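Heads up: the sequence shown begins at 28 in our numbering, then just goes up one per residue.
Using N, Cα and C, we set each Cβ at its ideal position, and we do this for glycine too.
Only a predicted model underlies this, so the values are computations on that prediction, with no experimental measurement involved.
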Amino acid sequence: MKKFDLTNQYCLITGAAGLLGNEHALALLNIGANLILTDLNYAKLKKNSQNIIKKNANKNKIILLKMDVSDENSIENVVQKINKKNIFVSVLINNAALNPKVEKNTEKFTRLEHFNTKDFLKECKIGLLGALLCSIKFGTIMAKKNRGVILNISSDLSVISPDQRLYTKKGIKANNQPVKPVSYSIIKSGLVGLTRYVSTYWADKNVRCNCLSPGGVENNQNIIFKKRLSKLIPAGRMAKKDEYHGAIQFLCSDSSSYLNGQNIVMDGGRSVW
Ligand SMILES: NC(=O)c1ccc[n+]([C@@H]2O[C@H](COP(=O)([O-])OP(=O)(O)OC[C@H]3O[C@@H](n4cnc5c(N)ncnc54)[C@H](O)[C@@H]3O)[C@@H](O)[C@H]2O)c1
């Protein structure tokens with residue numbers, strides 16, 4: 028178990044106030060890591076991190092910071108604050124994204140025919156450019172220190188197309204049915220490309236970069252959606268929110284020291300069917 032140990036190491040998570048960001052934090056805390064939890068929404072971060080702070084006797088192990096991954100100045104600000112504390116971030120998890128919940132909303136999400144460039148660019152700035160900017164800022168420091176791990180959080184939609192039949196609503200014409208937007212597929216597939224690029228770019232500096240592609244997590248979605256999706260998954264169900272802990276611990280620690288540039292698809296087998 029020694030190779031899983033992250034004692035005295037600082038791990039920074041983006042979008043840490045969200046459903047999975049909170050779980051990544053718990054997973055890393057459980058293997059001894061110090062945490063820098065960041066999110067655009069600081070109030071939500073403070074509120075949602077209470078469970079983690081309670082679990083941790085030594086408050087100095089957890090730092091909460093506001094950071095907008097789509098804004099270079101905001102990232103630089105965080106880098107400066109961390110430098111002042113003499114902290115070296117040896118693990119970065121690029122987790123922040125706009126995660127469109129199509130099953131909960133019929134009108135907001137556009138079909139290809141109604142493609143909206145502004146929305147597309149907004150999502151790309153967070154989910155893709157944000158991961159690139161954080162990788163550059165923190166990866167450069169890691170490369171100088173000759174050590175580091177970058178983990179991008181993608182989705183099973185990095186390897187399969189969304190099955191739009193999951194989102195169909197009764198009483199809506201076929202041409203108006205809600206769909207998962209194309210932006211999500213492009214961003215999540217793009218993260219795999221970013222992973223490969225970064226993994227070789229700093230390979231000689233001992234900086235590894237991998238990607239985790241989770242399947243859908245159960246989170247109070249409507250029952251029809253859940254039933255439809257479960258039928259597409261060999262495991263017969265969606266993931267529980269804590270089922271990625273083991274993967275996070277493996278991918279962020281030395282236990283995966285010979286893994287680099289890979290996209291680990293953890294989706295209950297959905298993409299195999
Ligand atoms: N939940 C799932 O079922 C699922 C499945 C596969 C992949 N994923 C991926 O996992 C990651 C986390 O998903 P989640 O379900 O926890 O999402 P979430 O919406 O619960 O959390 C995302 C967090 O990102 C933050 N955020 C938004 N814009 C930001 C910005 N500009 N800068 C910094 N933070 C910003 C939000 O405030 C939010 O706290 C995402 O990349 C998502 O695509 C989620």
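Check your understanding: So is the beta-carbon of valine 244 under 7 Å away from any non-hydrogen atom of ligand 1?
Key -> As a first step, residue 244 must be located in the sequence shown, where it is residue number 217. Yes - ligand 1 has a heavy atom lying nearer than 7 Å to the Cβ of valine 244.
Exercise for review: May I ask whether a heavy atom of ligand 1 can be found less than 7 Å away from the beta carbon of proline 127?
Suggested key: Start at 1 with the first residue of the sequence shown, and residue 127 comes out as number 100. Exclusion of proline 127 from the 7 Å shell around ligand 1 follows from its C-beta lying no nearer than that to any non-hydrogen atom of the ligand.
**Study point:** Local conformation of serine 117 per DSSP, three classes
**Key:** The count along the sequence shown starts at 1 and reaches residue 117 at position 90. Of the three classes helix, strand and coil, the one that applies to serine 117 here is strand, per DSSP.
**Study point:** Same chain, Cβ closer than 8 Å to glutamine 191, five either side skipped, listed in chain order
**Key:** Taking the sequence shown and counting its residues from 1, the one referred to as residue 191 is at position 164. Once the five neighbours on either side are set aside, the close Cβ partners of glutamine 191 are Gln204, Val206 and Lys207.
Review point. Can you find a heavy atom of ligand 1 that lies under 7 Å from the Cβ of asparagine 78?
Key: As a working note, residue 78 is residue 51 in the sequence shown. Flag unset: Cβ of asparagine 78 not near ligand 1.
Point to revise | For asparagine 61, the residue or residues it bridges with in DSSP | key: By 1-based counting over the sequence shown, the position of residue 61 is 34. Tyr37, per the DSSP bridge assignment.
Check your understanding: Could you check where the alpha helix (DSSP H) with lysine 215 kicks off and where it finishes?
Key -> Walking along the sequence shown from the start, residue 215 turns up at place 188. Per DSSP, lysine 215 belongs to the alpha helix (DSSP H) from 209-228.
Practice item. Taking all protein chains shown into account, decide if tryptophan 306 is buried (16 or more other Cβ within 10 angstroms of its Cβ) or exposed. Key: Summary: the structure shown does not reach residue 306, with the chain confined to residues 28 through 300, and so no result is reported for it.
Exercise for review: Determine the direct distance from the alpha carbon of isoleucine 260 to that of asparagine 104, and round the result to whole angstroms.
Suggested key: Looking up residue 104 in the sequence shown gives position 77. Looking up residue 260 in the sequence shown gives position 233. Between asparagine 104 and isoleucine 260, the C-alpha separation is close to 42 Å.
Point to revise | Check: lysine 71 C-beta below 7 Å from any heavy atom of ligand 1 | key: Indexing the sequence shown from 1 puts residue 71 at position 44. Yes; taking the cut-off as 7 Å, the Cβ of lysine 71 has a heavy atom of ligand 1 nearer than that.
Exercise for review: Measure from the alpha carbon of lysine 81 to the alpha carbon of each residue in Asn100, Leu92, Asn57 and Lys112, then state which is nearest.
Suggested key: Within the sequence shown, residue 81 is the residue found at index 54, counting from 1. Comparing C-alpha distances from lysine 81 to each of Asn100, Leu92, Asn57 and Lys112 shows the shortest one belongs to Asn57.
Point to revise | Residue from Ile199, Ile109, Glu99 and Ile79 with nearest C-alpha to isoleucine 153 | key: Stepping through the sequence shown from its first residue, residue 153 is reached at position 126. The residue with the shortest Cα to Cα distance from isoleucine 153 is Glu99.
Practice item. Could you tell me the distance, in whole angstroms, from the CA atom of valine 209 to the CA atom of phenylalanine 165? Key: As a position in the sequence shown, residue 209 is number 182, starting the count at 1. As a position in the sequence shown, residue 165 is number 138, starting the count at 1. Using only the alpha carbons, I get a separation of about 29 Å.
Practice item. Mind reading off the beta-carbon distance from leucine 46 to isoleucine 63? Whole number of angstroms is fine, and I expect it under 8 Å. Key: As a first step, residue 46 is located in the sequence shown; it is residue number 19 there, counting from the start. As a first step, residue 63 is located in the sequence shown; it is residue number 36 there, counting from the start. That belief does not hold up - the Cβ atoms of leucine 46 and isoleucine 63 are roughly 19 Å apart, past 8 Å.
Check your understanding: So, glycine 295 versus alanine 262, is the Cβ gap smaller than 8 Å?
Key -> For the purposes of this step, residue 295 is taken as residue 268 along the sequence shown, with counting starting at 1. For the purposes of this step, residue 262 is taken as residue 235 along the sequence shown, with counting starting at 1. With contacts defined by Cβ atoms closer than 8 Å, glycine 295 and alanine 262 form a contacting pair.
Practice item. State the Cα-Cα distance for the pair glycine 243 and isoleucine 79, rounded to the nearest angstrom. Key: Within the sequence shown, numbered from 1, the residue matching residue 243 stands at position 216. Within the sequence shown, numbered from 1, the residue matching residue 79 stands at position 52. When rounded, the distance between both Cα atoms is 23 Å.
Check your understanding: Taking 7 Å as the cut-off, is the CB of asparagine 61 close to at least one heavy atom of ligand 1?
Key -> Reading the sequence shown from its first residue, position 34 is the one you call residue 61. In this structure, asparagine 61 has its beta carbon at no less than 7 Å from each heavy atom of ligand 1.
Practice item. Find the nearest neighbour of arginine 264 within the set Met28, Ile251 and Leu221, judged by alpha-carbon distance. Key: Taking the first residue of the sequence shown as 1, we reach residue 264 at position 237. Relative to the Cα of arginine 264, the nearest Cα in the group Met28, Ile251 and Leu221 belongs to Ile251.
Point to revise | Minimum C-alpha distance to asparagine 49 - residue among Ala70, Leu67, Leu218 and Ser76 | key: Position 22 of the sequence shown, counted from the first residue, corresponds to residue 49. For asparagine 49, the closest of Ala70, Leu67, Leu218 and Ser76 by C-alpha to C-alpha distance is Ser76.
Point to revise | Cβ contact check for the region 170-182 and the region 215-235: 3 or more pairs under 8 Å | key: Counting C-beta pairs closer than 8 Å gives three or more between the region 170-182 and the region 215-235, which meets the contact rule.
Review point. DSSP three-state call for alanine 123: helix, strand or coil?
Key: Locating residue 123 in the sequence shown gives position 96, counting from the first residue. Coil, per DSSP.
Check your understanding: Comparing the CB of asparagine 247 with every heavy atom of ligand 1, is any distance shorter than 7 Å?
Key -> Position 220 of the sequence shown, counted from the start, is the residue given in the question as residue 247. No.
Point to revise | Coil, strand or helix - alanine 262 by DSSP | key: Numbered from its first residue, the sequence shown carries residue 262 at position 235. If DSSP states are grouped into helix, strand and coil, alanine 262 belongs with coil.
Practice item. Alpha carbon to alpha carbon, how far is glutamate 140 from histidine 272? Give it in angstroms, no decimals. Key: The residue labelled residue 272 in the question sits at position 245 within the sequence shown. The residue labelled residue 140 in the question sits at position 113 within the sequence shown. Our two residues, histidine 272 and glutamate 140, have alpha carbons roughly 39 Å apart in a direct line.
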